[in-house]
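Protein chains in written order, with the working numbering: chain A, 256 to 567; chain B, 140 to 414. Where is the CB? At the ideal position from N, CA and C, for every residue including glycine. Bear in mind the structure is a predicted one, so any value in this text is a computation, not a measurement.
Have a look at this one:
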């Protein structure tokens with residue numbers, strides 16, 4: 256593990272006046288899965304575009320497999336695969352024709368491209384639809400074909416840009432299984448997603464990206480630990496009551512987050528702190544309708560980071 | 140000693156081999172992309188049908204609706220008309236190059252192509268070659284309709300084929316011109332809207348439908364110094380008979396010059412995407 260499979264340092268990219276990337280740095284160790292997590296417009300796709308050589312950074316450097324994505328772009332293209340929201344398959348070709356075309360353009364021989372295409376159609380459960388035009392595919396099938404196209408030349412590094420956005424749960428889980436299989440077979444994966452659940456399920460490490468730079472990074476467990484060990488979720492039934500509770504908790508030195516009639520309080524020390532929280536409310540706000548103690552999700556981490564200032 | 144003498148020769152040989160293999164790769168990629176574009180066109184037959192119907196309607200319209208009112212001394216109007224319609228057809232056909240590429244830009248296929256280890260020029264080469272093939276099909280159909288409507292190509296088959304060769308060459312050259320446009324607009328309708336006026340201007344100021352002598356002087360000055368006019372004149376010389384060499388050379392010079400300029404421009408546009 257001498258050299259990371261993907262490394263970016265200080266990437267900057269502006270589109271007109273919009274600074275899409277503002278000094279983004281990240282590293283993906285070979286054979287691991289990195290989840291790049293962020294809301295729309297945070298710079299995920301821009302990052303992927305630069306790393307897959309279709310976009311040039313204004314400043315900064317990036318390497319994939321040790322090769323510079325700008326000066327050695329042609330060689331980078333031999334080791335990468337890209338699937339996702341903006342890399343498409345052709346609706347007017349069949350699944351099989353799409354894959355054979357990509358295979359040929361990846362400089363595989365005709366026979367080799369055919370064999371590999373069939374292998375992937377089989378592996379991704381598209382066998383029955385292989386001879387049908389892609390315009391008749393469901394969203395999930397199209398996405399799987401897209402992933403197959405990215406895998407055709409057995410890339411060492413796979414980029415998946417929001418691979419499950421807009422998919423139904425069943426298709427999403429099927430795609431997750433494929434990604435896990437790939438990771439197990441040693442492929443390095445960089446995956447962008449808006450879904451915290453997805454990063455949690457697939458990624459060895461997560462980089463949270465906000466306003467064009469990495470705001471926080473770690474394993475899913477580390478990130479959760481860093482942002483508290485438990486979350487108390489208090490439901491007050493009415494927004495007004497929740498507002499009063501919010502004020503009371505802030506006054507007692509907590510950092511609550513209100514969401515409608517719900518209040519969430521993070522605690523670093525554990526569930527024992529619940530007593531203190533309730534005591535802070537005593538007499539200052541109505542009693543909560545329900546109280547739940549739960550583990551923090553990446554959602555909690557994410558919201559605290561992107562709302563700024565709230566990070567523990 | 141021998142190694143010193145041989146090494147540079149080997150290096151040169153391997154450079155030549157590398158260049159040949161790059162060229163072979165580019166040709167193979169171009170063929171693959173062209174095949175994909177042709178399949179795509181065949182599978183959206185509406186587009187193909189309209190691409191064919193429009194020129195056919197023009198032939199019939201000009202032959203029967205306007206033809207009676209337009210007198211061209213010394214020839215049958217339909218024989219005068221067909222060279223103009225051929226030129227118009229490939230000029231409009233080239234708009235398809237812009238529309239096709241901007242469609243590929245919108246669907247994201249171009250993003251995928253840009254991350255593949257393929258020759259970059261193949262995206263443009265494959266598109267223009269496929270559009271060339273479509274032009275050939277449309278021209279064959281039109282020629283048939285023309286003959287049914289009274290076109291006789293008085294100077295014989297050789298003249299007609301030579302003229303059609305010029306037409307196809309011109310169509311290919313301007314396809315590259317519209318390729319740059321298509322790469323800049325990720326909306327096929329916008330690409331079409333931008334391309335059509337250019338074509339109208341070139342076609343209707345040329346001698347495609349009426350002799351240039353019928354236009355006011357200032358318009359003639361523009362109309363007679365542009366590639367569509369050069370093409371139409373060369374075609375007429377070949378189809379109707381008469382001294383052709385001069386007009387043919389001028390048309391070939393236009394097509395060759397435009398091809399070089401437009402291809403460089405389109406290649407540059409493609410290379411600069413994503414900067």
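- Contact between residue 311 of chain A and residue 334 of chain A does not hold, since their C-beta atoms are separated by about 19 Å, which reaches or exceeds 8 Å.
- Where residue 548 of chain A is concerned, the enclosing beta strand (DSSP E) starts and stops at 545-549.
- Per DSSP, residue 270 of chain A is one residue of the beta strand (DSSP E) stretching across 261-270.
- Residue 265 of chain B sits in a helix when the DSSP states are folded into three classes.
- The residue among A/259, A/279, A/275 and A/272 with its C-alpha nearest the C-alpha of residue 468 of chain A is A/279.
- Contact annotation for residue 309 of chain A against chain B: 250, 253, 254 and 413 [CB-CB distance below 7 Å, chain order].
- A/557 is the residue among A/304, A/266 and A/557 whose C-alpha sits nearest the C-alpha of residue 472 of chain A.
- For the pair residue 298 of chain B and residue 400 of chain B, the Cα-to-Cα distance works out to about 29 Å.
- The beta-carbon distance between residue 413 of chain A and residue 336 of chain A, rounded to whole angstroms, is 5 Å. This is short enough to meet the 8 Å contact definition.
- Of the residues A/392, A/379 and A/329, the one whose Cα lies closest to the Cα of residue 348 of chain A is A/392.
- With its beta carbon at least 8 Å from every one in chain A, residue 375 of chain B lies outside the interface.
- Within the same chain, and ignoring the five residues on either side of residue 253 of chain B in sequence, no residue has its Cβ closer than 6 Å to its Cβ.
- Using a Cβ-Cβ cut-off of 8 Å, residue 291 of chain B is close to nothing in chain A; its nearest Cβ partner there is about 40 Å away.
- When rounded, the separation of the alpha-carbon atoms in residue 157 of chain B and residue 483 of chain A is 59 Å.
- Spanning the alpha carbons of residue 184 of chain B and residue 273 of chain B requires a straight line of approximately 12 Å.
- Taking a C-beta cut-off of 8 Å against chain A, the contacting residues of the region 175-190 of chain B are 175, 178, 179, 182 and 183, listed in chain order.
- Taking residue 331 of chain B as the centre and dropping the five residues before and after it, the same chain places the C-beta of 234, 237 and 238 closer than 8 Å to its C-beta, in chain order.
- The region 444-478 of chain A contains, as complete beta strand (DSSP E) runs of 3+ residues, the segments 460-465 and 468-473 (chain order).
- For the pair of segments examined, the region 350-358 of chain A was found to touch the region 400-411 of chain A: the number of CB pairs separated by less than 8 Å reaches three.
- With respect to residue 409 of chain B, residue 322 of chain B sits close: the two C-beta atoms are nearer than 8 Å.
- Judged by DSSP secondary structure, residue 336 of chain A falls within the beta strand (DSSP E) whose first and last residues are 335-339.
- Contact annotation: residue 248 of chain B and residue 343 of chain A have beta-carbon atoms nearer than 8 Å.
- Sequence-distant Cβ neighbours of residue 230 of chain B in its own chain, meaning closer than 7 Å and more than five residues away, are 313, 338, 341, 342 and 367.
- Between residue 281 of chain B and residue 211 of chain B, the C-beta spacing is not below 8 Å.
- As summarised for the region 373-432 of chain A, the continuous beta strand (DSSP E) elements at least 3 residues long and confined to that stretch are 412-416, given in chain order.
- When C-alpha distances from residue 228 of chain B are compared across B/290, B/171, B/154 and B/276, the shortest belongs to B/276.
- Contact note: residue 343 of chain A reaches chain B through 246, 247, 248 and 251, using a C-beta cutoff of 7 Å and chain order.
- The C-alpha of residue 421 of chain A lies about 8 Å from the C-alpha of residue 394 of chain A.
- Interface with chain B (8 Å Cβ-Cβ cutoff): residue 297 of chain A is excluded.
- For residue 280 of chain A, the enclosing beta strand (DSSP E) has its first and last residue at 273-283.
- Fewer than three pairs of CB atoms, one per stretch, sit closer than 8 Å, so the region 315-323 of chain A makes no contact with the region 376-390 of chain A.
- By the neighbour-count definition (other C-beta atoms within 10 Å, threshold 16), residue 310 of chain B is a buried residue.
- With a 10 Å radius around the Cβ and a threshold of 16 neighbouring Cβ atoms, residue 395 of chain B comes out exposed.
- Taking residue 375 of chain B as the centre and dropping the five residues before and after it, the same chain places the C-beta of 222 closer than 6 Å to its C-beta, in chain order.
- In the structure shown, the three-state DSSP call for residue 302 of chain A is helix.
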